[in-house]
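Peer 1: Residue 1 is where the sequence shown starts when you use the working numbering, and the numbers rise one by one after that.
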Amino acid sequence: MIYYKASTLLSANMSRLKGSRFRLEKAEEIMAMVEHGPEDERPMDIDQILVRIAKDIPRKMLLAPKAPWSDEWQTLATVARVACLVEIVNIALCDVVEYIPKHATDPQIQKIYDYIQKGELGLFIRSMIDRPLLVC
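Structure below.
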């Protein structure tokens with residue numbers, strides 16, 4: 001079992017491309033652990049780990065979402081799904097891609113980013129959902 005400490009999860013020295021892939025892979029590892037692993041082996045600070053992964057994404061990399069989805073949007077969507085799986089937020093459980101805000105404007109993206117930087121996991125996820133009700 002691999003445990004991730006929020007303060008040491010991500011390295012500041014990696015290139016942006018490596019960083020984006022690394023963040024996505026870490027988020028996917030956590031999602032797989034939550035979906036398929038025993039509940040008692042989950043990290044106690046999973047919410048902090050999810051915030052740390054999201055906070056590491058530079059604002060300039062959060063462009064208007066369009067398919068094929070960038071690693072950054074896939075990472076945020078994976079973080080959202082994990083938060084729903086562990087019931088940090090009470091939002092419908094969907095496929096990862098359903099959490100990507102497909103019609104986000106620059107002000108909405110800035111709002112998402114601001115919530116992330118404040119560590120507001122629930123608010124950032126709710127602001128990503130660009131429709132009144134998420135139906136999967």
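Backbone N, C-alpha and C fix where the C-beta goes; we use that ideal spot for every residue, glycine too.
1) Let me know if LYS18 comes out buried or exposed under the rule of 16 or more other beta-carbons within 10 Å of its beta-carbon.
2) Please state whether the Cβ-Cβ distance between VAL82 and LEU50 is less than 8 Å.
3) Please report the residue range of the alpha helix (DSSP H) in which ASP114 lies.
4) How close, in whole Å, do the beta carbons of PRO68 and LYS102 come, if the pair is a contact with beta carbons under 8 Å?
5) Please report the straight-line C-alpha distance between PRO43 and ALA27, rounded to a whole angstrom.
6) With 16 as the cutoff for other CB atoms within 10 Å, does ALA80 come out buried or exposed?
7) Compute the beta-carbon to beta-carbon distance between ILE57 and ARG23, rounded to the nearest angstrom, for a pair I have assumed lies under 8 Å.
8) VAL89 and ILE125 look like a contact to me (Cβ under 8 Å); what is the Cβ gap, rounded to whole Å?
9) Report, in whole angstroms, the separation of the C-beta atoms of MET128 and TYR99, which I expect to be a contact under 8 Å.
10) Residues in the same chain with beta-carbon distance under 8 Å from ALA77, minus the five sequence neighbours each way, listed in chain order, please.
11) Taking only three categories from DSSP, how would you classify CYS94?
12) Should ASP40 be labelled buried (16 or more other beta-carbon atoms within 10 Å of its own) or exposed?
Peer 2: So, to answer that:
1) exposed
2) Their beta carbons are under 8 Å apart, which means VAL82 touches LEU50 by this criterion.
3) 106-117
4) LYS102 and PRO68 do not touch by the CB rule: their CB atoms are close to 13 Å apart, not below 8 Å.
5) 13 Å
6) buried
7) 7 Å
8) 5 Å
9) 6 Å
10) TRP69, VAL96, VAL97, GLU98, TYR99, ILE100 and MET128
11) coil
12) Exposed is the call here.
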